[in-house]
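Going by UniProt numbering, the first residue of the sequence shown is number 1, and it counts up by one from there.
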Amino acid sequence: MDSLSYIGNLYDRFSIYYNTSRNVNILNESIDILAQYKDIQGRTLLTQKDIIDSFETNEICYIKKIDNMDISSLTAFTEFLKKAIDTFVQPKRDHMCTYITGVLVTECPLNEDITRFVQKFKYSKSYLFSLHGWSEIRLLVINPDIEKIIANRPGKKVIKFYKF
């Protein structure tokens, strides 16, 4: 499977539950697919107006096709994801968590340095001692030619969605 058909396949999967956009420019970065999901859960006492508490979970996915994969391009993408957390995450009282999922799709061979960098990458941020929630980055690098997916530890929770 080539990368363009894989990205089209991902867009079809995301468009079922997510608000999706194609070919957007965010923070001076060209993104092939932007997918956003927001879930608000709440508990009530007797009626729907008697709300005990509520919390919201957000996920923002950035999927980008990259031609030449190396450590510098991977570092630039992770810095973009960190800036996205600072820009787009809005912590408040009902905010529980926001997951920023960064997916790089490439047809380049994945060497040991890239694999090690992705598996060791870790970034999370807590807001007001976690009373206003937290955010976390999931990082995945996918090569659809050889059907290989590399993910960091938080990214392994969603790796099943990105399977071929």
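Positions of the beta carbon are idealized from the N, C-alpha and C atoms, including for glycine.
Give the DSSP-derived three-state secondary structure of residue i in the structure shown.
i	result
Y127	coil
F117	helix
Closest to residue i by CA distance: which of the options is it?
i	options	result
Y99	H132, I85 and Q41	I85
I33	W134, F117, T101 and R116	T101
R116	D39, S135, I40 and R153	R153
Worksheet entry | Cβ contact (3+ pairs, closer than 8 Å) linking the segment 128–140 and the segment 152–162 | yes
Worksheet item: What beta strand (DSSP E) runs, 3 residues minimum, are completely inside the UniProt domain "DUF8052" (5–163)?
Response: 19–26, 29–44, 51–65, 95–105, 124–126, 134–143 and 148–151
Practice prompt. Spell out a yes or no on whether the segment 15–30 and the segment 127–137 are touching, meaning 3 or more CB-CB pairs, one atom from each, closer than 8 Å.
Written response: no
Discussion item. Contact between the segment 65–79 and the segment 102–109 is defined here as three or more beta-carbon pairs at a separation below 8 Å; is this criterion met?
Written reply: yes
Worksheet entry | Three-pair Cβ contact test at 8 Å for the segment 71–78 versus the segment 44–61 | no
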